[in-house]
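One structure is given below, encoded as C-alpha cells.
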Amino acid sequence: MGGFQKMVILFFIFLLIIILLILGFTLSSNQNKTWPPIVGDCPDYWLNSNGDGSKCQNVKRLGTCYEDMNFPQDKPTVCDKYSWANSCGVNWDGITNLSSDPCNT
C-alpha cells in the first residue's frame, strides 16, 4: 500500500474518532433533559377551545371519550392527565409516553 493510501486511511480513521467523540459528548450532555420540552394543554389532535387548556374538544372523535374534556380542578396534575388519557384511550405527548407511571411517584 502506498504512502498516499495510508495517509488517506489514517485521516479518515482520525476523522471518525473525532466524530464519535463529539457524538458521545452530545448524547451524554442531553441525558438529563426533560422530553418533550413543552407538553400540550390538550391531548394530541384535540382542539384547545378556550386557549388555556381548561376545555378541550375531541373534534376527530379519537379514543373512547367523545365529550369535551373538563377537569374539575383548576390545575390538573400530570397523574390526573395520565389517568384520564389512559382511561379514554388517547395519546397525549409528554403525558402518556412517560418512562414511568407518574401516579406511582
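So the sequence shown is numbered by our numbering: it starts at 1345 and just counts up by one.
Think of the CB as a built atom: it goes at the ideal place given N, C-alpha and C, for glycine as much as any other residue.
| Check | Outcome |
| --- | --- |
| Could you give the uninterrupted runs of the alpha helix (DSSP H) lying entirely in the segment 1356-1383, keeping only those of 4 residues or more? | none |
| Which residues in the same chain have their Cβ closer than 7 Å to the Cβ of C1432, if we skip the five residues on either side of it in sequence? | G1407, T1408 and C1409 |
| Examine the Cβ distances between the segment 1345-1362 and the segment 1371-1384 and report whether three or more of them are shorter than 8 Å. | no |
| Who are the Cβ neighbours of Y1389 in its own chain at under 7 Å, not counting the five residues just before and after it? | K1404 and L1406 |
| Using only the alpha-carbon positions, how far apart do F1358 and M1345 sit? | 19 Å |
| If I measure Cβ to Cβ from G1397 and keep anything under 7 Å in the same chain, skipping five residues before and after, which residues do I get? | D1385 and C1386 |
| Give me, in chain order, the residues of the same chain whose beta-carbon lies closer than 6 Å to that of I1439; leave out the 5 immediate sequence neighbours on both sides. | K1425, Y1426 and A1429 |
| On the DSSP letters alone, give me the boundaries of the alpha helix (DSSP H) that N1402 sits inside. | Taken as a continuous stretch (DSSP letters only), N1402 belongs to no alpha helix (DSSP H), as it is neither H nor E. |
| So for N1430, helix, strand or coil by DSSP? | helix |
| Using three-state DSSP, classify N1392 as helix, strand or coil. | strand |
| Going straight from the alpha carbon of G1395 to that of V1352, what length do you get? | 59 Å |
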